[in-house]
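Beneath this line is the structure, given in structure tokens, with notes to follow.
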Ligand SMILES: [Zn+2]
Ligand SMILES: [Zn+2]
């Protein structure tokens, strides 16, 4: 499996980081997790195959995670030639179908019928679905918004966890235990602690409990970047740490790969 961070920023405008977007590729699947503002154009800047995306999974409904969904749906129809013919499945927590309906009410009927098959599938909290026969997509309810979830992609013995936006949660650490890569939000410095987001100290504590093969951090508000993030996290968690950037990528040996 290959994981690429497309956008590693937040709703706070940044010259170097667009909003949240992560691509995970394996077999015939190109799974985009979150599609925040700026993600569509960033994929073009990174020369990524944005037309080849097969599934779009959202973690929650804040604009820095969903604002580019209408953009991408329209880009697949009108953004290049030939237009998209392949189906797209939008996945998300309970409420996702209603979200897409409300977006279509605002933007137009083309969002429901973009010219290629578009389906919406809600995944219950703390559940797991089969993804195109290639992997399991698991969800874990995290403390951020009413609907917010973390995702797990399991393929054979290989497992990636993406926390989405979340406050520190011991259950999330337990659920993620031993995964190969944990992509975790790291929003704010300790001096700006708020409920529903994590500090570097909390990311370190999460890593120490979950013991992932690699702890990759994303979703940086500008003030946290003034901190020695890796140093703080490393004082709690002794494994490998990566500070993701837009375009950062890692490959995980995939036991299910043929
Ligand atoms: Zn966010
Ligand atoms: Zn959020």
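Residue numbers (my numbering): 84 to 341.
Glycine included, each C-beta is placed from N, C-alpha and C at the ideal position.
Keep in mind that this is a model prediction, so the values were computed, not measured.
query	result
Best match in 197, 280, 330 for proximity to residue 125 [C-alpha to C-alpha]	330
Inter-stretch contact (C-beta, 8 Å, three-pair minimum) for the stretch 154-162 and the stretch 90-107	no
Contact between the stretch 243-262 and the stretch 219-230 (3+ Cβ pairs under 8 Å)	yes
Range of the contiguous alpha helix (DSSP H) that encloses residue 316	312-317
Backbone secondary structure at residue 275 - three-state DSSP	helix
Residue 89, DSSP secondary structure in three states	strand
Minimum C-alpha distance to residue 200 - residue among 188, 280, 229, 166	166
Beta-ladder partner(s) of residue 211, from DSSP	221
Closer than 7 Å: residue 252 CB and nearest ligand 1 heavy atom	no
Whether residue 293 touches residue 260 by CB criterion (8 Å)	yes
For residue 299 and residue 266, believed in contact at Cβ under 8 Å, the rounded distance	5 Å
Straight-line gap, residue 263 to residue 89 (C-alpha atoms, nearest Å)	20 Å
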